[in-house]
Amino acid sequence: MNVQSKIAIRHSTCPHDCPSACGLDIEVIDGQSIGRVRGSKQQTYTAGVVCAKVARYAERIHHPERLMYPMRRTGPKGSGQFTRITWDEALDEIAAKFNAAERDFGAESVWPYYYAGTMGLVMRDGINRLAHEKKYSRFYGTICATVAWTGFAAGTGKVAGVDPREMAKSDLIVIWGTNPVSTQVNVMTHATKARKERGAKIAAIDIYDNDTMKQADIKILLRPGTDGAFACGVMHVLFRDGFADRAYLDKYTDASPELETHLAERTPEWASNICGVPAAEIEAFAHLVGNTPRSFFRLGYGFTRSRNGAAQMHAALCVPTVTGAWQHEGGGAFFNNAAIWKFDKTLIEGLDVMDPTTRRLDQSKIGRILTGDAEALQNGPPVKAMLIQNTNPITVAPEQALVRQGFAREDLFVAVHEQFMTETAVMADLVLPATMFMEHDDLYYGGGHQHISVGAKLIDAPEECRSNHEVLQGIATRLGATHRGFGMTPRAIIDETLKASGRGTVDELEADLWRDIQPDYRASHYLDGFAHKDGKFHFKADWSSVPIANAGLMGDWAGMPSFPDHWAVTEVADAAHPFRLATSPSRSFLNTSFNETPSSQAREGVPTVMIHPVDAAEHDIADGDAVTLGNPRGETTLTARIFDGVRRGVLIAESIHPNRSHIGGRGINMLTGGEAIAPYGGAPFHDNKVWVRKA
């Protein structure tokens, strides 16, 4: 007799490091496993659409290679030789190693390290509570968004913009510095709705002919790191040809006459010589923007990967401000809604016991930190012990040669809490099995939209998997850490956090499914003034005091241009390194999440590098050849893909593939730098000079 499975549709939010934070409808089968995952039609930004990799989440959560038990390394570091141990043994050892490091080198020699493998506030940020109570080295997250946040807030005064659903009401959607077909599918949902219903045009501005460019009506192909020059050429035309809204500029902006004077010599021809876009295309794009009041600029995370990224983001943001597009429904700009959440994370992060004098180590400099660089260590003690959650630095961090060297230290103790045996886990002393988002409670927000939500536990975790919070509780008990957050359930923490933030209770938010907290129209369009103290949009940026959280000024911040400009600080190709390389995101991986799922592996195939046909011919490279890329930081070998959708002198390696997937086992981040981007830090993943030769 066949017994029919009972399928219930439950709701959650995608936790992965993506601004879409999609609302999900999930098939829960017999209360024990999941089936299909769909984008929820009830959540108005998701609008029923979800990316293919999350739609196939069952193959990830029920993957046969998931970690199930705590394990201790038995062979040399990196050998992959482990033996199963108990949770008590694992937690006892972590506490003992942390206490030993603190006794011998001080509390700051312990560095809890994490990032955005989950965007749930409890499971992502709870590790800070342990760091703050124990006075361990604090964590400064710089890999993802710091640079772009800074550029946006330099103009508006905060990181928030027009309701992204208004793209559907636009007549021109400018997608700049992001490839949403691959990385933020819901952007395309609303943009294509505008094209279908309003006849809107979609313009894509990027450095290669990616999947979004292929769907665009207007394609602008820039040289890497030249967005500022392109923006200046466009604004020159807007002022010259009468498209600048002078009444709007007088009321809402700080220095439009100075800006106009500054732009007078930054002609389309000047811009073309820098960015590579023909002057006629710059003129045509400027006229299109100038003649389209409802122009929506959807600005992306690509800006945050370049040494001049903050200045470039600011320059791009200035374009719709010159035309006064903010005044119109479907007009203005959006990057991220970080400023609207206003969650009080005191309980989650233990902010009530934080000592601000404890050093705050830069995530992007992990290679330098672990190899003893005094500047990166802020002249403090070496890092001797780490707990790593939600990230895979052996693969994703820049300066991989240094990162590998650091993790290979015999005197460094590392415990990795993970879902799969990542390349970082392979280098660990202890590996601990972690839950996935359907197996615990958490609190979510959407960086790319305006919804908050509770993601409730839907099924039990397999075998001995434990949540981040449970692991922190176990370690805290053994270390004598007594912060009350360690004694609470995740649901109780969510409830208290919501109440402290003026967001009601956990039961109320869960009943809402996805609560829309978009500020009203006037606030979103800054019609009552921008968020700077003077109420103005700042064309003249004060980079020393941009109103965002930061760890102090870094890099050549004093050399940054006040007005929009081309800031020539990118890593310039030279005779020895004639190519510029960008490590743009792939469609089926999300950083290194989904590296393990068969469908993502099948779609992405082997690591490749796109090279222009003429460049390939000059280097005697054929499609499918093994090629080695190199620069002073290191080398990697991968497969050539001849592609006329890149400019000459530009290479694109969509990532992030595991290091082991590269020929020779050295990944793409062997080539990327870790020096701080001005003014507040970041990592220049798309800003590398390299040479190339047939392997």
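Each residue of the sequence shown is one higher than the last, beginning at 1 in my numbering. Glycine included, every Cβ here is placed at the ideal spot set by N, Cα and C. The structure presented is a predicted model; accordingly, all values stated were derived computationally and were not measured.
V122 is the residue among I207, E571, V122, T424 whose C-alpha sits nearest the C-alpha of L443.
Runs of the beta strand (DSSP E) spanning 3 or more residues and lying entirely within the segment 288-342 occur at 295-299, 332-334, in chain order.
With distances taken between CA atoms, C51 lies nearest to T13 out of M213, G80, T13.
Measuring C-alpha to C-alpha distances from I652 to each of G664, G665, L638 identifies L638 as the nearest. According to DSSP, G455 shares a beta bridge with D442.
Apart from the 5 residues on each side of it in sequence, L458 sits with its Cβ closer than 8 Å to the Cβ of R10, S12, I26, V28, I34, M438, E439 in its chain, given in chain order. Counting C-beta atoms within 10 angstroms of its own C-beta, I7 has fewer than 16 neighbours from the protein chains shown and is therefore classed as exposed. In this structure A695 touches T628 by the C-beta definition: roughly 5 Å separates them, less than 8 Å. Per the coordinates, the alpha-carbon of L498 lies some 21 Å from the alpha-carbon of H132. The three-state secondary structure of F537, taken from DSSP, is strand. Burial state of K533 is exposed, judged by a 10 Å Cβ sphere holding fewer than 16 other Cβ atoms. Taking I663 as reference, the option from E618, A626, F82 with the minimal CA-CA separation is A626. Burial is judged here by how many other beta carbons sit within 10 angstroms of a residue's own beta carbon; Y521 has fewer than 16 and is exposed.
Rounded to whole angstroms, the separation of the alpha carbons of N336 and P547 is 15 Å.
In this structure, the straight-line span from the alpha carbon of P561 to that of E260 is close to 15 Å. Collapsing the DSSP output to three states places H236 in a helix. Excluding sequence positions up to five before and after C318, its CB lies within less than 7 Å of the CB of G155, A231, M235, F539, P564, all in the same chain and listed in chain order. Between the segment 581-590 and the segment 175-188 there are three or more C-beta pairs closer than 8 Å, enough to call the two in contact. For the options K134, A101, Y45, M610, the alpha carbon positioned closest to that of D352 is the one of K134. Along the segment 618-671, the beta strand (DSSP E) occurs as fully enclosed runs of 3 or more residues at 626-631, 634-642, 650-652, listed in sequence order. L238 sits close to G290, with the two beta carbons spaced by under 8 Å.
In this structure A408 is not in contact with G151, their Cβ atoms being roughly 37 Å apart against a cut-off of 8 Å.
In this structure, the alpha-carbon of S524 lies about 17 Å from that of K251. Counting along the chain, A131 sits inside the alpha helix (DSSP H) bounded by residues 127-134. Contact holds between the segment 326-341 and the segment 297-309, because three or more Cβ pairs, one in each stretch, are under 8 Å apart. In the three-state scheme derived from DSSP, where H, G and I count as helix and E and B as strand, H190 is classed as helix. Taken atom to atom, the span from the alpha-carbon of G673 to that of T636 is near 14 Å. The shortest CA-to-CA distance from A617 to any of V606, A602, F643 is the one to F643. Boundaries for R409: no beta strand (DSSP E) harbours it, and the DSSP string shows neither H nor E there. Assignment of alpha helix (DSSP H) within the segment 520-573, counting only whole runs of 4 or more residues, yields 521-524 in chain order.
With 16 or more other Cβ atoms inside 10 Å of its own Cβ, T304 counts as buried. Note that the C-beta distance between A481 and F98 is not below 8 Å.
Of the residues V383, I517, Q215, the one whose Cα lies closest to the Cα of F343 is I517.
About 7 Å separates the beta carbons of G302 and H686, which is inside the 8 Å limit, making them a contact pair. Taking V569 as the centre and dropping the five residues before and after it, the same chain places the C-beta of R307, N308 closer than 6 Å to its C-beta, in chain order.
The criterion of a C-beta distance shorter than 8 Å is satisfied by N392 and E423.
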